[in-house]
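Residue numbers for the sequence shown follow the working numbering, so the first one is 9 and each next one is one higher.
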Amino acid sequence: MNKKCFAQQGFSLVELMVAMIISLFLSAGLFSMFNMSATNVITTSQFNQLQENGRVALALIERDVSQLGFMADMTGTDFIIGTNTQINALDIPAGSDCVGGGANNASLPNNNPSHFRRLWGYEQGVSAESFACLTGVSTSTDVLQIKRLVGPSVVAPNDNNRYYIGTTANEAVIFSGNQATPAMDNGRFWEYQHHIYYIQEDSGVPVLRRRVLRNGGMNTSGSYEQLVEGIENMRVLYGFDNDGDDTADSFMPVQNVTNLMWDNELFQRLVALRIYLLVRSVDEDRNFTNDASYLLGDKTIAATGDHFRRKVVSTTVVLENPVLIRN
């Protein structure tokens, strides 16, 4: 049987170089596709994050604002100490409360001859007045204070960390949860809330925060709440009714709201708020440069040239309860 020998041949140098070049092109194409896919994932994830954070932040604020001024049977009536209002709760220690502008704008009403303010606000670093209790508030962002009762009424107010108000058609009694419930004919009892919304950075990330009233003041354990990350700016426009039809005839920034207007004097009543939030992505995307400007009502936020995506969300909230006596 004859044996045949076959010569074993390999690739030539030219063939190897052609194969290597083709492989490099294929690898570059695969890398480009992978990079584009990763970029699209980051972009989509950040847009979803902006949308969700903005939605949650607006929902939290809107729920409070829509019930602003709700004081149960005393809704629309001013609190006058010694006439229709009695305070059984101990005084909040100096330095532990958040006291806003005006003569009667602490957590609890006082006996000054001035309306007890359920709503108040300012722009940090721009307005003349501010809350001394707040530190580190982001410059040129609005701060919003809201006071109201929370429904439904409770039978036995017994949360030691909270304040309550008992109401009838012509009387209000303010007490804390660690006190005995006052005896009131046909009285109902409600949790009382004093909230302050503001923006402060935490390790370089802007955060929507809230200060809340607890028994003993607003500088106690549990009175600080971190709500939503990525909320970089807040702008509030205040809607006033000038002709008594209960609809806003004009919206204005806080700088234009006077003391008399806060107190619903001069036939101007607060009936609505427009709230704008500038939402920023928590993380940078180095493949993106933000050269856009953003309009928050009357205020324009200039382009930053950084690598964070942003989005403006807004809502208009009609006040369901009069801040003071309705027309």
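Idealized CB from N, CA, C, for every residue including glycine. Since we're looking at a predicted model, the values are computed, not measured.
About 7 Å separates the beta carbon of leucine 76 from that of asparagine 329, a gap short enough to meet the 8 Å contact definition. For alanine 310, the secondary structure class from DSSP, reduced to helix, strand or coil, is coil. According to the DSSP assignment, asparagine 241 belongs to the beta strand (DSSP E) that extends over 239 to 249. The three-state reading of DSSP puts glutamate 70 in helix, counting H, G and I together. Each residue's CA atom was taken as its position, placing arginine 71 and threonine 51 some 30 Å apart. Between serine 74 and the set Val158, Val290, Ala140, Arg63, the nearest pair of CA atoms involves Val158.
In terms of Cα proximity to aspartate 167, the closest of Leu142, Glu137, Arg222, Tyr206 is Arg222. With a cutoff of 7 Å on beta-carbon distance, arginine 126 and asparagine 113 are scored as not near each other. Taking all protein chains shown into account, phenylalanine 87 has 16 or more neighbouring C-beta atoms within 10 Å of its C-beta and is therefore buried.
In this structure, the beta-carbon distance from methionine 242 to threonine 149 falls below 7 Å.
Rounded to whole angstroms, the gap between the alpha carbons of valine 220 and histidine 202 is 6 Å. A contact between stretches requires three or more CB pairs, one per stretch, nearer than 8 Å, and the stretch 51 to 67 meets this requirement with the stretch 312 to 320. Counting only residues of its own chain and dropping the five nearest sequence neighbours on each side, serine 138 has a CB closer than 6 Å to the CB of Tyr130.
Following the DSSP letters along the chain, one finds methionine 260 in no alpha helix (DSSP H) but inside the beta strand (DSSP E) bounded by residues 258 to 261.
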